[in-house]
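A.B. asks: Have a look at the structure that comes next, please.
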């Protein structure tokens with residue numbers, strides 16, 4: 003009887019460990035998928051880079067018409083934004099070749115490999131990012147921000163930074179507030 007009880011207890015412990023292991027694995031996978039989608043805005047279908055016009059001029063847009071930014075902290079064709087930076091400024095990544103519309107020059111679109119293996123979209127050699135504070139199309143709350151040690155700018159159709167902010171507006175500061183400038187230019 004003791005042997006049968008021990009065998010039953012061992013089976014119960016084994017099943018409990020198996021269930022715990024499966025639950026842990028699912029939780030980790032779910033967390034990893036959530037982290038990937040919140041930091042990189044990956045696109046599995048075709049991705050079209052377009053434009054929108056606002057108070058700061060005509061700028062590039064990604065999925066859903068959301069504003070795209072470049073970061074003065076990047077050097078050359080590589081991204082220096084990871085970790086907390088990539089959480090606040092999710093890199094635009096794709097698994098497909100990006101397409102151009104709205105005056106965007108297709109030959110200026112490319113991709114680079116990020117450290118985790120994702121392909122980040124670039125325009126005129128600048129890695130592209132969204133700003134987590136922009137929740138819908140037409141919002142440009144990240145314009146002129148000096149977060150993570152360098153400025154973030156909307157990207158013009160030419161591929162250059164739109165390095166001015168609209169008068170009366172403000173640029174998001176690293177702490178989430180705004181900075182404003184009477185001349186319309188952000189000084190940091």
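Residue numbers (the numbering used here): 3 to 190. Using N, Cα and C, we set each Cβ at its ideal position, and we do this for glycine too. The model shown is predicted, which means the values in this text are computed figures rather than measured ones.
1. Provide the residue span of the alpha helix (DSSP H) that contains residue 86, from first to last.
2. With a CB to CB cut of under 8 Å and the five nearest residues on each side skipped, what residues in its chain are close to residue 4?
3. Under 8 Å by Cβ, that's how I've got residue 65 and residue 95 pegged, so tell me the actual separation to the nearest angstrom.
4. Residue 92 and residue 134 look like a contact to me (Cβ under 8 Å); what is the Cβ gap, rounded to whole Å?
5. Out of 109, 141, 72, which has the shortest C-alpha to C-alpha gap to residue 148?
6. According to DSSP, is residue 122 helix, strand or coil?
7. Under a three-way DSSP split, which group does residue 59 fall into?
8. What distance in whole Å lies between the Cβ atoms of residue 151 and residue 75, which are believed to be in contact at a cut-off of 8 Å?
9. Leaving out the 5 sequence neighbours to the left and right, which residues in its chain are closer than 6 Å to residue 129 when beta-carbon positions are compared?
10. Determine the closest residue to residue 112 out of 54, 63, 141, 126, with distance taken between C-alpha atoms.
11. Do residue 48 and residue 98 have their C-beta atoms closer together than 8 Å?
12. One question on the structure: do residue 62 and residue 131 come within less than 8 Å of each other, judged by their Cβ atoms?
C.D. replies: Result, derived from the coordinates:
1. By 1-based counting over the chain shown, the position of residue 86 is 84. Start and end: 86–90.
2. Here the question's residue 4 lines up with position 2 in the chain shown. Confidence at residue 4 is low in this model, with a pLDDT of 49, below 50, so its placement is unreliable and the value that follows should be read with caution. Exclusion of the five residues before and after residue 4 leaves no residue of its chain whose Cβ lies closer than 8 Å to its Cβ.
3. Here residue 65 refers to the residue found at position 63 when the chain shown is read from its first residue. Here residue 95 refers to the residue found at position 93 when the chain shown is read from its first residue. Contact doesn't hold; Cβ gap of about 11 Å is too wide.
4. Taking the first residue of the chain shown as 1, we reach residue 92 at position 90. Taking the first residue of the chain shown as 1, we reach residue 134 at position 132. Contact annotation, residue 92 with residue 134: C-beta distance approximately 6 Å; criterion of less than 8 Å satisfied.
5. Residue 148 sits at position 146 when you count from the first residue of the chain shown. Closest by alpha carbon: 72.
6. Counted from its first residue, the chain shown places residue 122 at position 120. Reduced to three states, the DSSP call for residue 122 is strand.
7. Your numbering for residue 59 matches position 57 in the chain shown. DSSP places residue 59 in the strand class (E or B) of the three-state scheme.
8. The residue you call residue 75 lines up with position 73 of the chain shown. The residue you call residue 151 lines up with position 149 of the chain shown. At roughly 6 Å, the Cβ-Cβ gap stays under 8 Å, so residue 75 and residue 151 are in contact.
9. For the purposes of this step, residue 129 is taken as residue 127 along the chain shown, with counting starting at 1. If we look at residue 129 and ignore the five residues flanking it on each side, its Cβ neighbours are 76, 81, 122.
10. Your numbering for residue 112 matches position 110 in the chain shown. Answer by Cα proximity: 126.
11. The residue you call residue 48 lines up with position 46 of the chain shown. The residue you call residue 98 lines up with position 96 of the chain shown. Yes; because the gap between Cβ atoms is below 8 Å, this pair is in contact.
12. Locating residue 62 in the chain shown gives position 60, counting from the first residue. Locating residue 131 in the chain shown gives position 129, counting from the first residue. Contact: no.
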